[in-house]
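Take a look at the structure set out below.
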Amino acid sequence: MNRRLFIQQASLFTMTLATAKLLSACTSNTDNSAATIKEINFGVLSTESQSNQKPLWEPFAAAMSEEVGIPIKPFYVTQYAAVIEAMRFGKVQAAWLGGKSYIQASKVADAEAFAQVVGADGSKGYYSHLIINKNNPIVASAKAAGGDKYIINNAGKLTFAFNDPNSTSGFLVPSYYIFTQNNVDPKKAFKRLIFAGSHEASALAVANNQIDVATISNEALSRLERTNPTARQKIAIIWQSPLIPSDPIVYRRDLPADIKEKLRNFFYNYQDAEVLAPFEVSRFVQAEDKNWHTIRELDIAKNIQEIQAQTNLNESEKQQKITELNQQLQEIQ
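Here's what the structure looks like:
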């Protein structure tokens, strides 16, 4: 599978439009009665290459199929926007999402969270990291100063990679804690800024000295240890975020009630340690939409600070937009 290490925002936008056009050709008014649903496409956000994902997902999907009583087919995508659009147009009925991608899917794709991932260590959260090649001459200075402080003070000399605009750990969390809180616009600050497209691509860009600093999750680094230990050994961590709520499992609200119940039963009771181990997951627990309000708050706060910094809006326009965002914030607090 071809993988582009450097996917710029313009390319992502073009691909997202293409995805929307393709999916819109499929009816969005699919008959979702229990009698007509013959299979379910389960969205998988491939933060690694599909060749790495398939051996992990096929046993899990087979167990899910047995419980639900109809085939469950993993639907692999390489960008967060693609699974959101697929769910929006009825090509995907359920998915394992990240926090930020779920928030967007709940707005536009009728997605509803019903379960939450519990890590192998029992935690309901994970971390975002900044990573750098161990042989990069700036690594000692970055660690000494604190990775976030170092890149803020030296951004003009550095190349930097987010992984995907709809990623929680690869974009939203580092954007807020590192850049928004320091009133820094990363699009203007760095010598070069890219969107690598996935956690794996970000890691490989750093390992291969194609980028100075990149974002990634601790879970993706653990997977890289298994799939590409040589690359992992070249990478150093220079920053860790506060804890991020772990991933939601979601389905479309318009799925038949009996299928939703079977999906819930599967996730709430599934504990095959051998199958779950590669995901670094021990089990899944019952969850609801409000579990990810923390991510919504970060997103809203980031948007407010960005509006305040805009020079193309007058004060009245800024105040109107900020008032609307504050109302959204009050609704979830």
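Residue numbers for the sequence shown, in mature numbering (1 follows the signal peptide of the UniProt record, and there is no 0): -20 to -1, 1 to 313.
Note that the Cβ used here is the ideal one computed from N, Cα and C, for glycine as well.
Note that this is a predicted model, so its numbers are computed, not measured.
#### Entry: Close beta carbons around Ala85, own chain, < 7 Å, minus the five adjacent residues each side
Contacts found: Ile64, Met67, Leu77, Ala91 and Val230.
### Assumed close pair Ser178, Asp144 - CB separation to whole angstroms, cut-off 8 Å
Ser178 to Asp144, Cβ: 7 Å. Contact.
### Message
Taking 8 Å as the cut-off, does the stretch 241 to 254 touch the stretch 121 to 135 (at least 3 CB pairs, one atom from each stretch)?
### Response
By the C-beta criterion, the stretch 121 to 135 is judged not to be in contact with the stretch 241 to 254, since fewer than 3 inter-stretch pairs fall below 8 Å.
### Message
Threshold first: 4 residues or longer. Then list the alpha helix (DSSP H) segments lying entirely within the stretch 46 to 83, N to C.
### Response
Taking 4 residues as the shortest admissible run, the stretch 46 to 83 contains the following complete alpha helix (DSSP H) segments, listed from N- to C-terminal end: 60 to 68.
### Message
Under DSSP, the alpha helix (DSSP H) around Arg172 begins and ends at which residues?
### Response
For Arg172, there is no enclosing alpha helix (DSSP H); the enclosing beta strand (DSSP E) covers residues Arg172 to Phe175.
### Beta-carbon proximity of Ser226 to Val153, cut-off 8 Å
In this structure, the beta-carbon distance from Ser226 to Val153 does not fall below 8 Å.
### Query
Excluding sequence positions up to five away, which residues of its chain have a Cβ less than 8 Å from the Cβ of Leu25?
Taken in chain order, the residues that qualify are Val57, Tyr60, Val63, Ala75, Trp76, Leu77, Gly78 and Ser81.
### Query
Using DSSP with H/G/I as helix, E/B as strand and the rest coil, what is Asn113?
Asn113: strand per DSSP, three-state reduction.
#### Entry: Ala89: first and last residue of the uninterrupted beta strand (DSSP E) it sits in
Ala89 -> no beta strand (DSSP E), and no H or E assigned at all.
### Query
So, are the CB atoms of Glu260 and Gly99 less than 8 Å apart?
In this structure, the beta-carbon distance from Glu260 to Gly99 falls below 8 Å.
### Task
Flag this pair as yes or no: are the beta carbons of Lys242 and Glu47 separated by less than 8 Å?
In this structure, the beta-carbon distance from Lys242 to Glu47 falls below 8 Å.
### Task
Just the C-alpha distance for Ala181 and Glu268, rounded to the nearest angstrom, thanks.
Spanning the two alpha carbons is a distance of roughly 31 Å.
### Task
State the CB to CB distance for the pair Ile191 and Ile218, rounded to an integer number of angstroms; the pair is presumed to be in contact (CB under 8 Å).
With a beta-carbon spacing of about 13 Å, Ile191 and Ile218 fall beyond the 8 Å limit used to define contacts.
### Task
Confirm, please, whether the CB-CB distance from Thr210 to Leu110 is below 8 Å.
Remark: C-beta atoms of Leu110 and Thr210 do not approach each other more closely than 8 Å.
### Message
What does the alpha-carbon distance come out to for the pair Arg232 and Lys240?
### Response
The straight-line gap from Cα to Cα measures roughly 9 Å.
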